[in-house]
Structure formats: C-alpha cells, structure tokens
Amino acid sequence: MKPSRRRMLFGGAALVAGAAAGSIVLAQSKERVIKVVARKFVFLPGTLELKKGEPVTLEFTSPEVVMGFNAPDFKIRTDIIPGTVSRLRFTPDKAGTFPFLCDIFCGDGHEGMSGQLVVT
Amino acid sequence: MKIDRRDFLKLSALGGGAVFASSLPGCAAMGAGGGDDFYFVQLSDTHWGFNGPMVNPDARGTLPKAIEAVNALAQQPDFIVFTGDLTHTTDDPAERRKRMGEFRDVVKGLKNRNIRFMAGEHDAALDNGAAWKEFFGETHYTFEHKGVHFIALDNVSDPAARLGEAQLAWLAADLAKQPKDARIVVLTHRPLFDLAPAWDWATRDGAQAVDLLMPFANVTVFYGHIHQEHHHMTGHIAHHSAKSLIFPLPAPGSQPKRDPIKWDAANPYRGLGFREVEAEVREKKYAITELPVTKA
Chain W
0 MKPSRRRMLF
10 GGAALVAGAA
20 AGSIVLAQSK
30 ERVIKVVARK
40 FVFLPGTLEL
50 KKGEPVTLEF
60 TSPEVVMGFN
70 APDFKIRTDI
80 IPGTVSRLRF
90 TPDKAGTFPF
100 LCDIFCGDGH
110 EGMSGQLVVT
Chain X
3 MKIDRRDFLK
13 LSALGGGAVF
23 ASSLPGCAAM
33 GAGGGDDFYF
43 VQLSDTHWGF
53 NGPMVNPDAR
63 GTLPKAIEAV
73 NALAQQPDFI
83 VFTGDLTHTT
93 DDPAERRKRM
103 GEFRDVVKGL
113 KNRNIRFMAG
123 EHDAALDNGA
133 AWKEFFGETH
143 YTFEHKGVHF
153 IALDNVSDPA
163 ARLGEAQLAW
173 LAADLAKQPK
183 DARIVVLTHR
193 PLFDLAPAWD
203 WATRDGAQAV
213 DLLMPFANVT
223 VFYGHIHQEH
233 HHMTGHIAHH
243 SAKSLIFPLP
253 APGSQPKRDP
263 IKWDAANPYR
273 GLGFREVEAE
283 VREKKYAITE
293 LPVTKA
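Chains as they are written, first to last, in my numbering: chain W, 0 to 119; chain X, 3 to 298.
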C-alpha cells in the first residue's frame with residue numbers, strides 16, 4: 000500500500016518535530032546545571048565557578064526554612080522554599096568575583112550567609 | 003550672657019563630635035510655619051541578648067550605660083526613639099519574649115518616659131512581628147510633635163525586607179492628608195534606598211516609599227540597621243543612619259563581608275553611641291549631634 004500524501008506529510012512533520020526536540024534536548028544537555036543547597040547558615044557550595052557568556056542554571060533547595068538567593072551585580076534573585084526546587088537560568092555577562100547572599104532573614108547567622116560567583 | 007541649647011552643645015565637651023545639619027550635604031530644610039524648637043534622641047540596634055565577647059564583652063552593660071548618658075543630658079529630650087533591633091534574634095519564641103521583657107525593664111531606667119519603639123528584623127522577622135507587637139504595639143504608625151509629622155515605617159516584619167503593598171497604601175493615604183510643605187520625618191530600621199544590597203542593606207520596595215515622599219519638600223529619614231553614622235541623599239530627601247549600641251559594622255561595601263568590628267580594649271565602646279536630633283525652626287534645619295556611650 001502506498002502511503003497517502005497526507006500520511007507522508009504527517010510523518011514528515013513528526014520527523015522534523017523529532018529532530019527539533021532532539022536539538023533542544025542536545026542543547027539542554029550541554030547547559031550547565033549547578034545544584035546549590037541553602038541551609039542554616041551557608042550555601043553549599045559557597046563559591047560558584049561560572050563562564051562569561053555561558054548560560055547556566057542554578058538549582059536551589061532548602062531543607063530547613065525559606066531562604067533567598069540574591070546576586071545584586073546580575074540583578075537575579077529567587078526565593079528558596081523547602082520542598083521545592085528553585086531554578087535561576089542566566090548568562091554571566093561580565094568576569095570577576097561577585098557576592099551573593101541570602102536576602103530573607105532566616106535567623107541568627109543570617110548576616111553571615113553569603114557566597115561568591117567567580118566568573119572567568 | 004544667655005546661651006541656647008545648641009550653643010551649649012557646641013561648648014560642652016561631650017566628645018561625640020557635633021555635626022550640624024548645615025554642614026551635612028543637602029539636609030532637608032524645615033518648612034514654613036510649625037511649632038517651637040525641640041530635640042529628640044535616637045538610639046538604635048541595642049541587640050539585647052547578643053553574646054559575642056570578641057565584639058562586645060559588655061553586651062549587657064552597654065545599654066544601661068547609654069541610658070545613664072541620656073539621663074545625664076543637661077536638658078532632657080522631648081522624646082526618645084529606638085529605631086529597631088531592640089533585641090538580638092533567637093529561634094526560640096520564649097527566649098525572644100524573655101529578651102523583649104528584659105529590654106523593656108532596662109529602658110524603664112530612662113528618666114524620659116516618652117519613648118517611641120520600632121522593630122528591627124532581629125526582633126520581628128522570624129514571627130512577622132508577633133512577639134514585638136505583644137510588647138510594643140503596632141510596627142508602623144504616625145505621630146505629631148510640635149508641627150512635625152513623624153512616620154514610622156516597618157520594613158522588617160516581612161523577612162524579605164519589604165514594606166508591602168498594604169503599608170505602602172497606608173503611607174500614600176497618610177501623605178495625601180499632608181500639605182506639600184509639611185515637615186515630615188520618616189523613621190525606619192533598614193535604609194529605604196539601596197545602600198549596599200550585597201550586604202542586605204536595602205529595602206526591596208523602598209524606592210516606592212521614596213517615590214511617595216518625593217513630592218514633599220521637607221522630608222528627612224532617620225534609620226538604623228547598619229551600625230554606623232551614614233548620610234545619603236535621594237533627590238532632596240536626606241537619609242541619616244545611627245550608630246549601634248552593641249557593635250559597629252564596617253563601611254558599606256568596604257570589605258567582602260560585613261563582619262562586626264572587633265572590640266578595641268584600648269578604646270572601649272569605640273564606634274558605639276547615640277544621637278541627638280534638634281529641630282530648629284528658626285534656622286529651618288535639623289542639627290545632628292553624635293554622642294558616645296561613655297565620655298572619653
């Protein structure tokens with residue numbers, strides 16, 4: 000049986016869609032993901048090494064209380080809520096060492112809860 | 003020869019280094035009209051319950067010494083304001099209340115009982131101000147004094163350092179009742195502007211409050227939080243932070259971390275203190291005088 004034109008078109012479209020999905024998966028697999036745990040009163044790891052111009056996704060979890068991640072030099076922040084994963088995707092546009100901090104008051108020790116982004 | 007209180011301050015050897023508004027960049031001028039000259043005292047960041055001998059081995063003695071110094075002023079202020087962080091934070095709700103009760107008992111030693119209390123994030127952020135309200139009442143309010151409209155804002159009960167939409171609406175409604183030349187003093191704990199966001203020295207929606215205040219010609223903000231004297235302008239609005247009564251902190255952004263400055267045994271209580279703020283109607287300005295915990 001010859002395939003109908005309609006079925007061919009459908010199949011072709013599916014192939015294109017598959018190829019496109021494959022390329023997305025490929026791109027996503029190349030992108031760096033860094034997992035960060037925010038717990039009283041440290042970020043683990045406390046130093047995040049990034050590449051200028053390279054997109055990165057930061058994945059935050061907090062096992063204890065609500066925390067915040069704020070890197071003012073890149074104007075990025077997120078709440079970190081226990082039981083959920085908070086993701087921040089961004090592309091560092093400048094090199095250097097930049098501080099980040101917890102910006103949600105989380106107890107005695109909150110003032111020392113900070114880290115640094117090292118962008119090369 | 004008769005000398006007024008300001009002349010007296012200039013002549014007296016208080017050792018605190020008087021800084022008058024006329025020498026501060028852009029200090030807000032007083033509006034037309036209004037009442038008599040008066041002055042108030044600002045104390046801040048007493049952190050009752052703090053324990054850290056390396057930065058203050060006299061943590062339980064510093065506030066009582068400051069109270070003695072206020073009581074010893076030649077002329078008592080019209081009122082006294084504590085701009086937040088009355089107590090040091092604790093996760094334990096019972097301990098938090100114990101510290102607040104002790105603080106309240108200690109400040110009963112002030113001769114002047116006209117006291118306005120404000121919360122800091124150490125007092126209020128872990129329970130949204132619940133314990134603080136039990137002891138000291140509302141966390142944001144207004145009051146009038148001799149022609150000056152005082153507005154106490156709460157940018158600490160929200161652990162994310164926001165005033166919040168409800169309080170901003172309340173502020174807008176209050177300001178709508180004020181003439182544009184009203185003399186307005188705003189009291190806060192955190193800075194309303196982005197002083198050092200990397201050190202959490204900011205209010206996330208503070209710019210909205212400043213925008214609401216901007217149409218008013220005579221606005222001055224007094225705040226705490228940063229444990230040091232600091233002066234800043236947003237447009238014509240002056241912002242003056244006060245010293246702490248527990249430990250000083252480094253200048254904004256001067257080092258990677260905002261670690262407390264260690265106690266200097268050769269110069270005890272250095273960097274700590276309180277201030278007088280004199281509202282001078284005749285000269286249309288506020289005069290700020292920084293005073294030490296103990297006389298040199």
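Think of the CB as a built atom: it goes at the ideal place given N, C-alpha and C, for glycine as much as any other residue.
Since this is a predicted model, take the numbers as computed values, not measurements.
Leaving out five residues before and five after X/Leu-170 in sequence, what residues of the same chain have Cβ atoms less than 6 Å from its Cβ? The residue you call residue 170 of chain X lines up with position 168 of the second sequence. Excluding residues within five positions, the ones whose Cβ falls inside 6 Å are Gln-210.
Looking only at C-alpha atoms, which of X/Pro-252, X/Gln-257 and X/Ala-244 sits nearest to X/Glu-292? Looking up residue 292 of chain X in the second sequence gives position 290. When only C-alpha atoms are compared, the closest one is X/Ala-244.
Is the segment 251 to 265 of chain X touching the segment 130 to 143 of chain X in the sense that three or more CB pairs, one from each, lie closer than 8 Å? no
Less than 9 Å separating the beta-carbons of W/Pro-98 and W/Gln-115? Stepping through the first sequence from its first residue, residue 98 of chain W is reached at position 99. Stepping through the first sequence from its first residue, residue 115 of chain W is reached at position 116. Against a cut-off of 9 Å, the Cβ pair of W/Gln-115 and W/Pro-98 comes out as a contact.
Cα-Cα separation between X/Glu-146 and W/Ala-70, rounded to whole angstroms: Start at 1 with the first residue of the second sequence, and residue 146 of chain X comes out as number 144. Start at 1 with the first residue of the first sequence, and residue 70 of chain W comes out as number 71. Near 40 Å, if we compare the C-alpha coordinates of W/Ala-70 and X/Glu-146.
Run the CB neighbour count on W/Leu-43, radius 10 Å, all protein chains shown included, and call it buried at 16 or more, exposed below. Counting from 1 along the first sequence, the entry for residue 43 of chain W is found at position 44. It counts as exposed.
When the Cα of X/Pro-217 is compared with those of X/Asp-183, X/Pro-66 and X/Phe-195, which residue comes out closest? Taking the second sequence and counting its residues from 1, the one referred to as residue 217 of chain X is at position 215. If we check each option's Cα against that of X/Pro-217, X/Asp-183 comes out closest.
What whole-angstrom Cβ distance do W/Leu-49 and W/Val-41 have, given they're in contact under 8 Å? Against the first sequence, residue 49 of chain W aligns to sequence position 50. Against the first sequence, residue 41 of chain W aligns to sequence position 42. About 19 Å separates the two Cβ atoms, so there is no contact after all.
Contact set between W/Leu-100 and chain X, taken where Cβ atoms lie within less than 8 Å: Here residue 100 of chain W is taken as the residue at index 101 of the first sequence, counted from 1. Simply Ala-200, Trp-201 and Asp-202.
With a threshold of 16 other CB atoms inside 10 Å of the CB of W/Arg-88, please say whether the residue is buried or exposed. What you label residue 88 of chain W is simply residue 89 of the first sequence in a count that begins at 1. Exposed, because fewer than 16 other Cβ atoms sit within 10 Å of the Cβ of W/Arg-88.
Considering just the uninterrupted stretch of the alpha helix (DSSP H) at X/Ala-171, what are its terminal residues? In the second sequence, counting from the first residue as 1, residue 171 of chain X sits at position 169. From DSSP, the alpha helix (DSSP H) with X/Ala-171 extends over 167 to 178.
Can you check whether the C-beta of W/Ile-23 is within less than 9 Å of a C-beta belonging to chain X? As a first step, residue 23 of chain W is located in the first sequence; it is residue number 24 there, counting from the start. At W/Ile-23, the pLDDT of 47 sits below 50, so the modelled position is not reliable and the matter cannot be decided from this model.
7 Å Cβ cut-off: residues of chain X touching W/Glu-113: Mapped onto the first sequence, residue 113 of chain W falls at position 114. A quick correction: the sequence has Ser, not Glu, at residue 113 of chain W. Result: Lys-259.
Between which two residues does the beta strand (DSSP E) carrying X/Arg-185 extend? As a first step, residue 185 of chain X must be located in the second sequence, where it is residue number 183. Run containing X/Arg-185: 185 to 189, per the beta strand (DSSP E) assignment.
C-beta neighbour in chain W for X/Asp-93, strict 9 Å: As a position in the second sequence, residue 93 of chain X is number 91, starting the count at 1. With 9 Å as the cut-off, X/Asp-93 counts as an interface residue toward chain W.
Best match in X/Leu-189, X/Phe-276 and X/Pro-95 for proximity to X/Ile-239 [C-alpha to C-alpha]: In the second sequence, the residue the question calls residue 239 of chain X occupies position 237. Nearest C-alpha to X/Ile-239: X/Leu-189.
Buried/exposed call for X/Ser-256, threshold 16 Cβ in 10 Å: Position 254 of the second sequence, counting from 1, holds the residue named residue 256 of chain X. The residue in question, X/Ser-256, is exposed, as its Cβ has fewer than 16 Cβ neighbours within 10 Å.
How do the segment 197 to 208 of chain X and the segment 133 to 142 of chain X stand: do at least 3 beta-carbon pairs fall below 8 Å, yes or no? no
How about X/Ala-61: is its C-beta nearer than 9 Å to some C-beta of chain W? Locating residue 61 of chain X in the second sequence gives position 59, counting from the first residue. Not closer than 9 Å to any Cβ of chain W, the Cβ of X/Ala-61 fails to qualify, so no.
Return helix, strand or coil for X/Gln-44, following the three-state DSSP convention. Working through the second sequence from its first residue, we reach residue 44 of chain X at position 42. Correct three-state label for X/Gln-44: strand.
When you compare the CB of W/Phe-73 with every CB in chain X, is at least one pair closer than 9 Å? Locating residue 73 of chain W in the first sequence gives position 74, where the first residue counts as 1. Taking Cβ atoms only, chain X never reaches closer than 9 Å to W/Phe-73, which makes this a no.
Output the residue ranges of the beta strand (DSSP E) runs that lie fully inside the segment 66 to 147 of chain X and measure 3 residues or longer, sorted by chain position. 81 to 85, 117 to 120 and 143 to 147
DSSP has W/Arg-76 in a bridge; who is on the other side? In the first sequence, the residue the question calls residue 76 of chain W occupies position 77. The partner list for W/Arg-76 (beta bridge, DSSP) reads W/Asn-69.
Using three-state DSSP, classify W/His-109 as helix, strand or coil. For the purposes of this step, residue 109 of chain W is identified with residue 110 of the first sequence, where counting begins at 1. Looking at W/His-109 - three-state DSSP - the assignment turns out to be helix.
Contacting residues, own chain, Cβ-Cβ under 7 Å from X/His-151 (five flanking each side not counted): Here residue 151 of chain X corresponds to residue number 149 of the second sequence, with the count starting at 1. Taken in chain order, the residues that qualify are Thr-144, Gln-180, Ala-184, Arg-185 and Ile-186.
Listing by chain order, which chain X residues have their CB less than 9 Å from the CB of W/Gly-67? Mapped onto the first sequence, residue 67 of chain W falls at position 68. Those are Pro-161 and Ala-162, listed as they occur along chain X.
So with CB distances below 7 Å, who are the chain X contacts of W/Ile-103? As a working mapping, residue 103 of chain W is identified with position 104 in the first sequence. The contacting residues are Pro-161 and Ala-162.
Which same chain residues end up closer than 8 Å to X/Gly-166 when comparing Cβ atoms and leaving out the 5 residues on each side of it in sequence? Residue numbering aside, residue 166 of chain X sits at position 164 when the second sequence is read from its first letter. Hits under 8 Å: Asp-160 and Asp-207.
Taking the straight line between their C-alpha atoms, what separation do you get for X/Asp-47 and X/Pro-199? Position 45 of the second sequence, counting from 1, holds the residue named residue 47 of chain X. Position 197 of the second sequence, counting from 1, holds the residue named residue 199 of chain X. Roughly 19 Å between the two C-alpha positions.
Kindly indicate which residue of X/Asp-39, X/Phe-40, X/Tyr-41 and X/Leu-45 has the alpha-carbon position closest to the one of X/Phe-276. Reading the second sequence from its first residue, position 274 is the one you call residue 276 of chain X. Comparing Cα positions, the closest option is X/Leu-45.
Closest to X/Gly-139 by CA distance: which of X/Ile-228, X/Phe-119 and X/Glu-70 is it? Within the second sequence, residue 139 of chain X is the residue found at index 137, counting from 1. That would be X/Phe-119, whose Cα lies nearest to the Cα of X/Gly-139.
Would X/Ile-228 pass as an interface residue toward chain W - the criterion being a Cβ-Cβ separation below 9 Å? Against the second sequence, residue 228 of chain X aligns to sequence position 226. No, its Cβ sits nowhere closer than 9 Å to a Cβ of chain W.
Would you check if the distance between the CB atom of X/His-162 and the CB atom of W/Phe-104 is smaller than 9 Å? Here residue 162 of chain X refers to the residue found at position 160 of the second sequence. Here residue 104 of chain W refers to the residue found at position 105 of the first sequence. The identity of residue 162 of chain X in the sequence shown is Ala, whereas the question assumes His. Their beta carbons are under 9 Å apart, which means X/Ala-162 touches W/Phe-104 by this criterion.
What's the C-alpha gap between X/Arg-272 and X/Asp-94? If you number the second sequence from 1, residue 272 of chain X lands on position 270. If you number the second sequence from 1, residue 94 of chain X lands on position 92. Those two C-alpha atoms are separated by around 31 Å.
Can you check the segment 199 to 223 of chain X for any alpha helix (DSSP H) of at least 4 residues that lies completely inside it and give the ranges in chain order? 208 to 215
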